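Below is one structure, written out as structure tokens; the observations come after it.
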DNA sequence: CCGCCGTGTTGAAACGATTCAAACTCTAGG
DNA sequence: CCTAGAGTTTGAATCGTTTCAACACGGCGG
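Residue numbers (full-length UniProt numbering), protein chains in the order written: chain E, 1 to 336; chain F, 1 to 336.
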């Protein structure tokens, strides 16, 4: 059934070692031998067996990327960036979805360890990284994605969410807005807390400016709408004139509630609105929404880069931490 | 570095064969031997090497799913369904993204053939399936997803788009609407053509009903808005009172253009609107949109089922074709 | 004519798990 | 005391590739 080097070698009239050399070091083999072997390969429809290759090599040319949610455009773009960078070095990226479930994450890690993948890019579900330390101890390079490594000593690639929150708030302050609101939650999510902290710091730096926190249970359209109702009242009663949303889904929901409820609030005239993530729906909202953009593909490609570095010199204990700065995409929701 | 069965066997004081049996057929081994081996495994942190296992077995316990677009919720849900079903039989699903590029698809196929995956679930980019026939000839079960197999003899799982188009149109006709429009394009996309055909047939079956085609260049929000402008005029001039959109992005764009342009058109009072795909944004549009839903997860799990069937009896030439019927989710955009 | 070098090529060992015929240990029945 | 048979365990062979020490060959300088 399966065609192996042995048959190819027989047909080409050479030894198995030569076939292997043709495949991996063609320049060490005489040109017409190379040709003869290639003819045999085509003739027989030979496909090298990755399992055998890997068994010998001890490690595979595949990297694993475990994300919290495949449906989230943030992660699909990170994956795209990772794949592109990996392809440059002949690696493939296997995508797996933990769906924020520790069990599914564990199960994927197990499979990938058995596969002896060449590296593990992961957005961990929980704070406990001991499972990853185990993998590292077994010789698999690990890089944390969208998560700073803390004391764990893993290399990491993340985005400065504090700076992002500050960027959003400062933009509103620059427009002359002084009574700001921050929509988002729950605050135990690190990203939300950081963005809020950034906004708070920016507000604190400007005299006479204030920041009101409107909490949410999750980061969804529906919660955004609910928060929007609360905000309508706040705009009317306390003169809120600028809103920072912790992500774009919330921002879109807020905008809808403001624009289409009874007693509509005008955006951006009465209140300016900034979202976060720059998902495609933000640009095509009824009033297109200004948003904080993260370099998503760059995150992916950089993560792969860190993996490859580790692969080259597995000894070096100094883990690199790359932190990207977010940027602002200005649209109608903050332009008078 | 790597811990192998040999070391485990040594520590447990048994032979390698017994360790293998403990792992794969624990019931053939005496209970206290099992326990001793397990202790050694834990002690040493042994992780079986999938490559070696697979080399011997000739095939891996991984299935590959190649989709046209990981960012499309349709495919992520299909993936979810596939993963769940595969997990039941101890298989893992590797997700790969062809991004509608034949080159990327080919590159993924190559990698998966080398990996000797246990099966290939794929939404092919092009009509030419010869690459897949090659894979099948080499013994890899193949199932087409969201694509009928035609004469190629591959098993397939798809959804009846003609029925879906008819379902949408008939719903509008049942509400008493008679002058319908179909928005979508380009028509060379099979799904679009089928949905349009279904709508046409439903309309043809009702006396005095008509269907106007409004073409689009792609299935996006922006194209939907553009089409919406066209439709506003048509509603005013020719009395269009029902719209079928070829997907939800178009439907959302159309709704926005109708509701928020100058001279707004009321939905559903003046014109009723049906979308397709039932993406989450359809439910949370300004006026929630009625949509045709496809059993996405079921598609994935069924595809895996067909793969497993082939694996059991690779001989049988009769490929099964499973075609699912879509259903209608009724929301405010068609409820007076 | 010999020794040496470089270029190509060879073939056996190794990777780590599974398999399976054979060997071993008990038990129960005769 | 012997033996059949069930229950356990063994260990060599095997999967397909890569690696690498060793070899073959031809030419060249001495």
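Glycine included, every Cβ here is placed at the ideal spot set by N, Cα and C. All of these numbers come straight from a predicted model, not from anything done at the bench.
Checklist entry - Comparing the C-beta of residue 284 of chain F with each C-beta of chain E, is any distance below 8 Å? => result With 8 Å as the cut-off, residue 284 of chain F counts as an interface residue toward chain E.
Checklist entry - Looking at the structure shown, is residue 224 of chain E part of a helix, part of a strand, or coil, going by DSSP? => result Helix.
Item to check | Integer Cβ distance of residue 61 of chain E from residue 92 of chain E, believed to fall under 8 Å | outcome: The Cβ separation is near 7 Å, so the contact holds.
Next on the checklist: When you compare the segment 292-312 of chain E with the segment 64-78 of chain E, are there three or more beta-carbon pairs, one atom per stretch, that lie closer than 8 Å?
Outcome noted: These segments touch.
Next on the checklist: For chain F, check one thing: does any of its Cβ atoms lie closer than 8 Å to the Cβ of residue 208 of chain E?
Outcome noted: Nearest CB-CB separation between residue 208 of chain E and chain F: not below the 8 Å threshold.
Item to check | Residues bridged to residue 97 of chain E [DSSP beta-bridge criterion] | outcome: Looking at the DSSP assignment, residue 97 of chain E forms a beta bridge with E:67.
Checklist entry - Does the distance from the C-beta atom of residue 250 of chain E to that of residue 215 of chain E stay below 8 Å? => result Using a Cβ distance threshold of 8 Å, residue 250 of chain E and residue 215 of chain E do not count as a contacting pair.
Next on the checklist: Going by beta-carbon coordinates alone, are residue 300 of chain E and residue 257 of chain E separated by less than 8 Å?
Outcome noted: For the 8 Å CB-CB criterion, residue 300 of chain E and residue 257 of chain E do not form a contact.
Item to check | Meets three-Cβ-pair contact criterion under 8 Å: the segment 239-254 of chain F and the segment 178-197 of chain F | outcome: The answer is yes - the segment 178-197 of chain F touches the segment 239-254 of chain F, with three or more Cβ pairs under 8 Å.
Checklist entry - What is the rounded straight-line gap between the Cα of residue 232 of chain F and the Cα of residue 105 of chain E? => result One C-alpha to the other measures close to 49 Å.
Checklist entry - If you compare alpha carbons, which of F:159, F:207, F:176 and F:173 is closest to residue 191 of chain F? => result Checked all of F:159, F:207, F:176 and F:173; the closest Cα to residue 191 of chain F is F:159.
Item to check | Classification of residue 284 of chain E by the beta-carbon crowding that lies within 10 angstroms, buried from 16 upward | outcome: By the neighbour-count rule (16 or more Cβ atoms within 10 Å), residue 284 of chain E is buried.
Item to check | Interface residues of the segment 103-114 of chain E facing chain F [CB-CB below 7 Å] | outcome: Residues are counted here when their Cβ sits less than 7 Å from a Cβ of chain F; for the segment 103-114 of chain E these are 111, 113 and 114, given in chain order.
Checklist entry - In angstroms, rounded to a whole number, what distance separates the CA positions of residue 195 of chain F and residue 205 of chain F? => result Between residue 195 of chain F and residue 205 of chain F, the C-alpha separation is close to 16 Å.
Item to check | Nearest candidate by alpha-carbon position, reference residue 127 of chain F, set F:120, F:108, F:100 and F:116 | outcome: It is F:100 whose Cα lies nearest to the Cα of residue 127 of chain F.
Checklist entry - When the Cα atoms are used, what is the spatial distance from residue 83 of chain E to residue 156 of chain E? => result In this structure, the straight-line span from the alpha carbon of residue 83 of chain E to that of residue 156 of chain E is close to 17 Å.
Item to check | Buried or exposed by the 16-neighbour rule on C-beta atoms within 10 Å, applied to residue 213 of chain F | outcome: Label assigned to residue 213 of chain F: exposed.
Item to check | Top-ranked residue by Cα proximity to residue 129 of chain E, from E:108, E:118, E:152 and E:252 | outcome: Of the listed residues, the one whose Cα sits closest to residue 129 of chain E is E:152.
Checklist entry - Alpha carbon to alpha carbon, what distance is there between residue 310 of chain F and residue 187 of chain F? => result Residue 310 of chain F has its alpha-carbon roughly 34 Å from the corresponding atom of residue 187 of chain F.
Checklist entry - Who are the near neighbours of residue 103 of chain F in its chain, counting only those whose CB is closer than 8 Å to its CB and skipping five residues on each side? => result Sequence-distant partners of residue 103 of chain F (beyond 5 residues in either direction) whose C-beta falls short of 8 Å from its own C-beta are missing from its chain.
Item to check | Contact set between the segment 115-127 of chain F and chain E, restricted to residues whose Cβ is under 8 Å from the partner | outcome: Listed in sequence order: 115 and 116.
Next on the checklist: Buried or exposed, going by whether 16 or more other CB atoms sit within 10 Å of the CB of residue 290 of chain E?
Outcome noted: When all chains shown are included, residue 290 of chain E counts as buried.
Checklist entry - Are residue 411 of chain F and residue 163 of chain F touching if we call contact CB-CB under 8 Å? => result Missing from the structure shown is residue 411 of chain F; chain F here goes from 1 to 336 and no further.
Checklist entry - Going by DSSP, which residues form a beta bridge with residue 276 of chain F? => result According to DSSP, residue 276 of chain F shares a beta bridge with F:292.
Checklist entry - Closest Cβ-Cβ distance between residue 310 of chain E and chain F: below 8 Å? => result By this cut-off, residue 310 of chain E is not an interface position.
Next on the checklist: Let me see if you follow: with CB-CB separation under 8 Å, is residue 238 of chain F close to chain E or not?
Outcome noted: Taking CB atoms only, residue 238 of chain F has no neighbour in chain E less than 8 Å away.
Checklist entry - Is the segment 133-142 of chain E in contact with the segment 107-119 of chain E, if contact means three or more CB pairs nearer than 8 Å? => result The segment 133-142 of chain E makes contact with the segment 107-119 of chain E; the number of CB pairs closer than 8 Å reaches 3 or more.
Checklist entry - Looking only at its own chain, which residues have a Cβ that is under 7 Å from the Cβ of residue 201 of chain E, when we skip the five neighbours before and after it? => result The answer, listed in chain order, is 166.
Item to check | Pair within 8 Å by beta-carbon distance, residue 333 of chain F and residue 267 of chain F | outcome: Yes; because the gap between Cβ atoms is below 8 Å, this pair is in contact.
Next on the checklist: Against chain F, with Cβ distances strictly below 8 Å, would residue 278 of chain E count as a contact?
Outcome noted: No, no contact with chain F.
Checklist entry - Using the beta-carbon of each residue, which ones in chain F are nearer than 8 Å to residue 54 of chain E? => result Here the neighbours are 51.
Item to check | chain E contact for residue 288 of chain F (CB, 8 Å cutoff) | outcome: No - not a single Cβ of chain E is within 8 Å of the one on residue 288 of chain F.
Checklist entry - Under a three-way DSSP split, which group does residue 182 of chain F fall into? => result Strand.
Item to check | Sequence-distant residues of its chain with Cβ nearer than 6 Å to residue 41 of chain E (five each side left out) | outcome: Excluding the 5 residues flanking it on each side, residue 41 of chain E has same chain C-beta neighbours closer than 6 Å at 8, in chain order.
Checklist entry - At a CB-CB cut-off below 7 Å, which residues of chain F make contact with residue 74 of chain E? => result Residues of chain F with a Cβ closer than 7 Å to the Cβ of residue 74 of chain E do not exist, since the nearest Cβ in that chain sits about 11 Å away.
Item to check | Spatial distance of residue 96 of chain E from residue 217 of chain E (CA atoms) | outcome: Linking residue 96 of chain E to residue 217 of chain E through their CA atoms gives a straight-line distance of about 27 Å.
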